[in-house]
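Asker: Below are the C-alpha cells for one structure; questions will follow.
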C-alpha cells in the first residue's frame, strides 16, 4: 500500500513539473515581448522619426504660424505584448521664418505604442497636469522606475534646446 501511494505521488509530481515546464516555454506573452524587443532594435531610426513627427503635430501644433521642432530624451520603453509605453522628456519650440521663437513646451511625456502588422505606431500621449495637480498626475502617469530619471536635474535641457534650434536652422 505504501509503495503504491509513493508511486502515485511521484507520478503526480512528474506530470506537474512537465506541465509547468511546457507552459513556460510556450507562453505567448514572452514570445510577444521578444518580438517587440527585436523589432525595436531593427527599426529605431524609423521610430525616432515617427516620434518626432507625432510630437510636432499632436503634442504641440503651431500656435503662431511657425514651424514646430521637437527633441526628446528617452528614459525608458516598456512592452506588454503588442502594447508599449515610451517614457521621456520632450522639448518643442515653434520657430518663425524670421528666426524668432513662438510657443514652446518642455515636459515629461508618455507615448502610447502599439505593434500592428510588425510596425510600431504611436496611438496617443499623456502629460502631467499643470499647477497643483502636477505632482499627483506625474506619479499616476510615470512608474517609479523612471521618475527620478525624469527630473529636470537629470535631463540635459540645454542639449534638447540646442538640438531644436539646430533643426530650425537647417530646415528649408
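In mature numbering (1 follows the signal peptide of the UniProt record, and there is no 0), the protein residues as written are -25 to -1, 1 to 147.
Here a beta-carbon is modelled for each residue, glycine too, at the ideal position from N, C-alpha and C.
#1: In this structure, how does DSSP classify residue 47 when only helix, strand and coil are distinguished?
#2: Please state whether DSSP places residue 113 in a helix, a strand or coil.
#3: Take residue 145 as the anchor and find which of 72, 64, 25 has the nearest alpha-carbon.
#4: In terms of residue numbering, what span does the alpha helix (DSSP H) encompassing residue 152 cover?
#5: How is the alpha helix (DSSP H) around residue 143 delimited, first residue to last?
#6: Tell me which residues share the same chain as residue 29 and place their Cβ nearer than 8 Å to its Cβ, disregarding the 5 neighbours each side in the sequence.
#7: For residue 121, which residues from the same chain have a beta carbon less than 6 Å from its beta carbon, with the 5 sequence-adjacent residues on both sides left out?
#8: Kindly indicate which three-state DSSP category residue 99 falls into: helix, strand or coil?
#9: Excluding the five sequence neighbours on either side, which residues of its own chain have a C-beta within less than 6 Å of the C-beta of residue 60, listed in chain order?
#10: In the DSSP output, what is residue 39 paired with across the bridge?
Answerer: In brief:
#1: Three-state DSSP puts residue 47 in a strand.
#2: Residue state for residue 113 is assigned as helix, using DSSP reduced to three classes.
#3: Taking each of 72, 64, 25 in turn and checking the Cα distance to residue 145, the smallest one comes out for 72.
#4: The structure shown does not extend to residue 152, since the chain spans only -25 to 147, so no value can be given for it.
#5: 132 to 145 is the span of the alpha helix (DSSP H), which, as asked, contains residue 143.
#6: Contacts found: 86, 97, 100.
#7: 50, 51, 62.
#8: DSSP, read as helix, strand or coil, puts residue 99 in strand.
#9: For residue 60, same chain residues with a beta-carbon under 6 Å away, outside a window of 5 residues either side, are 53, 85 in chain order.
#10: The bridge partners DSSP lists for residue 39 come to none.
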